[in-house]
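A.B. asks: After the structure tokens below, expect a handful of questions from me.
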Amino acid sequence: MECTDDRHLRSIMKITWMDKVTNKEILERTGLPSMEDLLIRKNLRWTGHLMRMSPDRLPKQVLYSQLSSGHRKRGRPRLRFKDTIKRNLKLRDIKTDTWTSLSQQRDKWRALVK
């Protein structure tokens, strides 16, 4: 997805590979965030909404639910949504032990995620 985004920006700015301009430099010129940063921000915003939901809402129930039976396939376990949240919190330097209380305060959470 990042490659497609970079390719489109190059096309819009009329920059070819012969100009030898890095993708990072193109993002700096346009003032746009990278696709990864954008996705992390969106993920953390949704996580804040999720944490403020009442416990009877289905998305919150799914976040905290556990499978009662079944087994995982061999090999490395697939990432869960909780794992993605934890990784994104670390990337944004948000403490993993206090984020749940921070997410309850909408204005502070929004400022922290930006």
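For the sequence shown, the numbering used here gives the first residue as 1239, with consecutive numbering after it. Glycine residues also receive a C-beta, built at the ideal position from the N, C-alpha and C atoms.
1) Cβ atoms of threonine 1334 and lysine 1324: under 7 Å apart, would you say?
2) Return yes when the Cβ of serine 1341 is within less than 7 Å of the Cβ of methionine 1289, no when it is not.
3) Grouping DSSP H, G and I as helix and E and B as strand, with all else coil, what is proline 1271?
4) Taking its Cβ as the centre, do 16 or more other Cβ atoms sit within 10 Å of threonine 1260, making it buried, or is it exposed?
5) Here's the rule I'm using: 16 or more other beta-carbon atoms within 10 Å means buried, otherwise exposed. How should leucine 1282 be labelled?
6) Which residue comes first and which comes last in the alpha helix (DSSP H) that contains isoleucine 1323?
7) In or out: leucine 1317 buried (at least 16 other Cβ within 10 Å) or exposed?
8) Express the C-alpha separation of histidine 1287 and lysine 1262 in angstroms, rounding to a whole number.
9) Which residue wins for smallest C-alpha separation from aspartate 1275, given the options Asp1243, Lys1320, Lys1311?
10) Look at asparagine 1326 and isoleucine 1278 and say whether their C-beta atoms are less than 7 Å apart.
C.D. replies: In terms of the structure at hand:
1) yes
2) yes
3) coil
4) exposed
5) buried
6) 1319 to 1329
7) exposed
8) 31 Å
9) Asp1243
10) yes
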